[in-house]
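Asks:
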Amino acid sequence: MTILWDNEPGAADRYHFALGNVHLLSAAALVHRALDDDPHADLVVIGPLVNIDEASLLVESVRADRPEVGFVLLRHRLDVTTMGQALRSGFREVVASDDATALSDAVRRSRDLTAKIAGHHGGAAAPQGRIITVFSAKGGVGKTTLSTNLATHLAMSGLRTVLVDLDLSFGDVGISMQLLPTSSVHDAVAMSGHLDGEGLAQLVTHHAASGLDVIAAPTDPSLADRIGAQVVTELLRVSAANYDYVIVDTPPSFTEHVLAACDVSSLLVLIATLDIPAVKNLKLALETLDALGSPRDSRVVVLNRADVKVGLRSEDVVQALGVPIAVSIPASTSVPASVNRGVPLVLESPRDPVSIALRELGDTHIRARFGGPVDEPQRRSLFSRRSR
Numbered sequence: 009m010t011i012l013w014d015n016e017p018g019a020a021d022r023y024h025f026a027l028g029n030v031h032l033l034s035a036a037a038l039v040h041r042a043l044d045d046d047p048h049a050d051l052v053v054i055g056p057l058v059n060i061d062e063a064s065l066l067v068e069s070v071r072a073d074r075p076e077v078g079f080v081l082l083r084h085r086l087d088v089t090t091m092g093q094a095l096r097s098g099f100r101e102v103v104a105s106d107d108a109t110a111l112s113d114a115v116r117r118s119r120d121l122t123a124k125i126a127g128h129h130g131g132a133a134a135p136q137g138r139i140i141t142v143f144s145a146k147g148g149v150g151k152t153t154l155s156t157n158l159a160t161h162l163a164m165s166g167l168r169t170v171l172v173d174l175d176l177s178f179g180d181v182g183i184s185m186q187l188l189p190t191s192s193v194h195d196a197v198a199m200s201g202h203l204d205g206e207g208l209a210q211l212v213t214h215h216a217a218s219g220l221d222v223i224a225a226p227t228d229p230s231l232a233d234r235i236g237a238q239v240v241t242e243l244l245r246v247s248a249a250n251y252d253y254v255i256v257d258t259p260p261s262f263t264e265h266v267l268a269a270c271d272v273s274s275l276l277v278l279i280a281t282l283d284i285p286a287v288k289n290l291k292l293a294l295e296t297l298d299a300l301g302s303p304r305d306s307r308v309v310v311l312n313r314a315d316v317k318v319g320l321r322s323e324d325v326v327q328a329l330g331v332p333i334a335v336s337i338p339a340s341t342s343v344p345a346s347v348n349r350g351v352p353l354v355l356e357s358p359r360d361p362v363s364i365a366l367r368e369l370g371d372t373h374i375r376a377r378f379g380g381p382v383d384e385p386q387r388r389s390l391f392s393r394r395s396r
């Protein structure tokens with residue numbers, strides 16, 4: 009059942025397109041009573057003229073006992089202050105009251121999340137996703153392109169996938185996919201210590217063409233210093249509890265945030281290119297991971313632009329690194345063209361040789377690695393946490 013708390017005449021008819029039939033109520037106390045009377049009520053939509061403080065008190069009082077109930081706030085005008093307060097209070101979505109399509113989408117996402125939460129509370133162990141961190145110690149090797157395309161492929165394969173942009177100062181995932189995020193990793197700071205599936209849903213931006221969810225980097229580089237490593241760890245673990253795969257894009261250095269991601273990852277995808285600085289930096293990265301106790305069998309090395317003629321061969325890279333290359337991705341002018349258009353290559357040109365290599369990485373070295381055949385999505389058991 010959907011409850012609509014709204015004092016405006018004709019509210020039920022105004023939002024019928026998105027909400028269908030609703031139980032229209034005019035006060036917080038009546039909403040409380042309706043929720044008490046109906047244990048199957050799963051959604052409360054709060055109208056644009058309801059006082060935000062009263063609405064927030066209602067959400068906070070209900071969340072502890074009924075975490076499966078979703079709350080969506082309507083506002084005539086969206087502003088940062090209201091959205092921040094709503095996020096902290098536990099609203100799943102804040103939507104413009106005149107945008108029926110956005111409201112319909114918010115309702116769908118809320119009900120999807122309610123179903124997940126209800127399943128988690130059903131007594132069986134919750135399925136746990138895999139965290140895959142993409143890293144290179146040198147910039148310009150194609151980390152973001154690989155991350156966005158890999159995540160897009162997994163999402164298009166029917167797997168619940170979220171891409172986290174952990175390049176907190178200069179992340180480009182959002183712009184690479186033509187997204188306009190209204191929240192970022194920084195918004196997880198306010199929920200530190202109590203981040204859950206509802207809070208996580210407020211952080212993601214949905215890429216409609218692929219079904220991929222994205223948690224963007226902050227647009228202000230100065231906010232990176234305000235995000236502690238423990239926030240990153242909590243964000244990734246909660247993401248893994250709500251998705252099949254969590255793909256993490258990283259900056260080209262071992263920041264505290266990258267180390268936190270490596271520590272909870274199921275697999276590290278390490279990128280090399282055919283140039284001496286990139287190979288040297290990757291060799292140092294492998295030695296650093298060894299020193300940190302990272303298991304060698306939890307890494308795969310990808311050689312990007314593997315067919316360029318620069319006097320260095322893939323055999324030379326293998327010899328220098330002392331590890332095999334899992335996938336070789338060819339060079340192609342279609343890659344920067346797709347980046348400039350903001351459309352992942354695996355979505356735009358699935359038969360391109362680069363797309364084929366990226367799908368091989370996703371299917372053979374990720375999906376099959378974790379026990380799932382490549383022809384259907386898998387949602388299996390908890391990943392093994394590695395010891396440090």
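Going by my numbering, the first residue of the sequence shown is number 9, and it counts up by one from there.
Heads up, the beta-carbon is just placed ideally off N, CA and C, and yes, glycines get one too.
Using only alpha-carbon positions, find the residue among Phe262, Arg307, Asp44, Val103 that is nearest to Asn289.
Replies: Considering only alpha carbons, the answer is Phe262.
Asks: When you compare only the Cα positions, how much space is there between Val277 and Ala104?
Replies: So the alpha carbons of these two residues sit roughly 40 Å apart.
Asks: Just grab the DSSP bridge partners of Tyr251 for me.
Replies: Note: Tyr251 sits in no beta bridge, so no partner.
Asks: Is the segment 101-118 in contact with the segment 240-248, if contact means three or more CB pairs nearer than 8 Å?
Replies: Flag = no, the segment 101-118 and the segment 240-248 do not touch.
Asks: Assuming Ala159 is part of the alpha helix (DSSP H), what are its boundary residues?
Replies: Note, Ala159: alpha helix (DSSP H), 151-164.
Asks: With three or more C-beta pairs closer than 8 Å as the rule, is the segment 196-206 touching the segment 159-172?
Replies: Because the criterion of three Cβ pairs below 8 Å is not met, the segment 159-172 and the segment 196-206 do not touch.
Asks: Three or more C-beta pairs closer than 8 Å, one from the segment 306-325 and one from the segment 168-184: is that the case here?
Replies: No: the two stretches stay apart, fewer than three of their Cβ pairs being nearer than 8 Å.
Asks: So which of His31, Phe178, Asp257, Ser144 has the shortest CA-CA distance to Ala280?
Replies: The option with the nearest alpha carbon to Ala280 is Ser144.
Asks: Does DSSP classify His31 as helix, strand or coil?
Replies: It is a strand residue.
Asks: Which runs of the beta strand (DSSP E) at least 3 residues long sit entirely within the segment 302-349? Give them in chain order.
Replies: Whole beta strand (DSSP E) segments, 3+ residues: 307-312, 335-337.
Asks: Let me make sure I understand the geometry here. Which of Pro332, Ala334, Ile333, Val354 has the alpha-carbon closest to that of Ser342?
Replies: Closest option to Ser342, Cα to Cα, is Val354.
Asks: If we call anything under 9 Å between Cβ atoms a contact, is Val240 one with His265?
Replies: In this structure, His265 lies closer than 9 Å to Val240 by Cβ.
Asks: By alpha-carbon positions, which one of Leu82, Leu121, Ser218 ends up nearest to Leu158?
Replies: That would be Ser218, whose Cα lies nearest to the Cα of Leu158.
Asks: Could you have a look at Ala132 and say whether DSSP puts it in helix, strand or coil?
Replies: Only weak support is given to the placement of Ala132: the predicted model assigns it a pLDDT of 41, under 50, and the value that follows is read from those uncertain coordinates. In this structure, Ala132 counts as coil in the three-state DSSP scheme.
Asks: What residue does the beta strand (DSSP E) around Ala104 start on, and which one ends it?
Replies: 101-104 is the extent of the beta strand (DSSP E) around Ala104.
Asks: Please determine, among Ile255, Ala36, Ser177, the residue with the shortest C-alpha to C-alpha distance to Asp221.
Replies: When only C-alpha atoms are compared, the closest one is Ile255.
Asks: Can you find the residues in the same chain that come closer than 8 Å, C-beta to C-beta, to Ala108, ignoring five residues on each side of it along the sequence?
Replies: Once the five neighbours on either side are set aside, the close Cβ partners of Ala108 are Tyr23, Phe25, Ala26.
Asks: Short of 8 Å in beta carbon distance, which residues of its chain neighbour Ala237, apart from the five on each side in sequence? Order them along the chain.
Replies: The answer, listed in chain order, is Glu264, His265, Leu267, Ala268.
Asks: Based on the DSSP output, what are the partners of Val53 in its beta bridges?
Replies: In the DSSP output, where bridge partners are listed per residue, Val53 has Leu12, Val80.
Asks: Expressed to the nearest angstrom, what Euclidean distance is found between the alpha-carbon atoms of Leu121 and Thr10?
Replies: If I take the Cα positions, the gap works out to 15 Å.
Asks: Are the CB atoms of Val309 and Leu329 within a distance shorter than 9 Å?
Replies: The answer is yes: Cβ separation under 9 Å.
Asks: With respect to the alpha helix (DSSP H) encompassing Val67, which residues constitute its N-terminal and C-terminal limits?
Replies: Per DSSP, Val67 belongs to the alpha helix (DSSP H) from 60-71.
Asks: When DSSP builds the beta bridges, which residues end up paired with Ile139?
Replies: DSSP, once it has assigned bridges, lists Val254 as partnering Ile139.
Asks: Compute the distance between the beta-carbons of Arg100 and Ala209, then report whether it is under 9 Å.
Replies: The answer is yes: Cβ separation under 9 Å.
Asks: Would you list the residues sitting across from His48 in a DSSP beta bridge?
Replies: The partner list for His48 (beta bridge, DSSP) is empty, contrary to what the question assumes.
Asks: Just to confirm my understanding: we take Thr258, look at its own chain, exclude 5 residues before and 5 after, and list those with CB closer than 7 Å. What are they?
Replies: Correct list, in chain order: Thr141, Val142, Phe143, Lys151, Leu174, Asp175, Val266, Ala269.
Asks: Evaluate Thr156 with the Cβ neighbour count: other Cβ atoms within 10 Å of its Cβ, from every protein chain shown; 16 or more gives buried, anything less gives exposed.
Replies: Answer is buried; the Cβ neighbour count reaches 16.
Asks: Alpha carbon to alpha carbon, what distance is there between Pro17 and Arg138?
Replies: Approximately 48 Å, taken between the alpha carbons.
Asks: Helix, strand or coil for Ile364, going by three-state DSSP, please let me know.
Replies: Three-state DSSP puts Ile364 in a helix.
Asks: Within its chain, find whatever has a CB closer than 8 Å to the CB of Gly28; leave out the 5 residues flanking it on each side and keep chain order.
Replies: So the qualifying residues of the chain are Thr10.
Asks: Relative to the alpha-carbon of Val102, which residue among Ala232, Ser64, Arg71 has its alpha-carbon at the smallest distance?
Replies: Of the candidates Ala232, Ser64, Arg71, the one whose C-alpha sits nearest the C-alpha of Val102 is Ser64.
Asks: Using only alpha-carbon positions, find the residue among Pro338, Thr160, Arg41 that is nearest to Glu356.
Replies: Among Pro338, Thr160, Arg41, the Cα nearest to that of Glu356 belongs to Thr160.
Asks: Pull up the distance between the alpha-carbon of Asp283 and that of Glu242, whole angstroms please.
Replies: Each residue's alpha carbon lies about 36 Å from the other.
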